[in-house]
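So for the sequence shown, my numbering puts the first residue at 4; every next one is plus one. Below is one structure, written out as structure tokens; comments come after it.
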Amino acid sequence: MEDKPGELLLLDTRSLAEFEVSHLPEAILVPPETDAVKESFKAWLKQEYEKCHRHIVCYCTVGYRSSMTAQLLNDYLCCETNQNFITSSMIYNLQGGLVKWASEKRWMIDQYNKPSSKIHPYNEVWAKLLEPEFKVETKEKV
């Protein structure tokens, strides 16, 4: 992924608070809890998809929310384009999410485009998956 960043459409499926702590460069925030996810797909993904047929990588903290978004995206594209085989092979879920990404010391940036090695833990359960060096202290109870 780091070798060919322009060939991927990166979808960060976390909350804005999580995204501001760290995200992959050039990622687009698509919060999964919003009712407008499909509308977001219609607004910008159709343009991106038709323009260049880039591979789409969804990610979140550990991979659960991003897998749900990847499935929703696949279903949407299948209905809109009738290209089930093609779209299925182009949508990926980042294995291990940002927990694995950070533990491998890969590049992330914060809301100011500065390098970041921290991850917002999302909740108390997922916070246990993070090594202390990667965990950011949050204002909300985690």
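Backbone N, C-alpha and C define an ideal beta-carbon position, used for all residues, glycine too.
query	result
For L146, the nearest candidate out of Y125, E21, T141, L27 (CA to CA)	Lying before the first or after the last residue shown, residue 146 is absent from the chain, which here runs from 4 to 145.
Range of the contiguous alpha helix (DSSP H) that encloses V33	Where V33 is concerned, there is no enclosing alpha helix (DSSP H), given that its DSSP letter is neither H nor E.
Those residues which DSSP pairs with H58 across a bridge	L11
8 Å Cβ cutoff met for I94 and I122	no
Enclosing beta strand (DSSP E) for N96 [first to last residue]	94–96
Simplified DSSP state of S91, which is helix, strand or coil	Model confidence at S91 stands at a pLDDT of 49, short of 50, so the residue's coordinates are unreliable; what they give is reported in the following sentence. Helix.
N-terminal and C-terminal residue of the alpha helix (DSSP H) that V128 is part of	127–130
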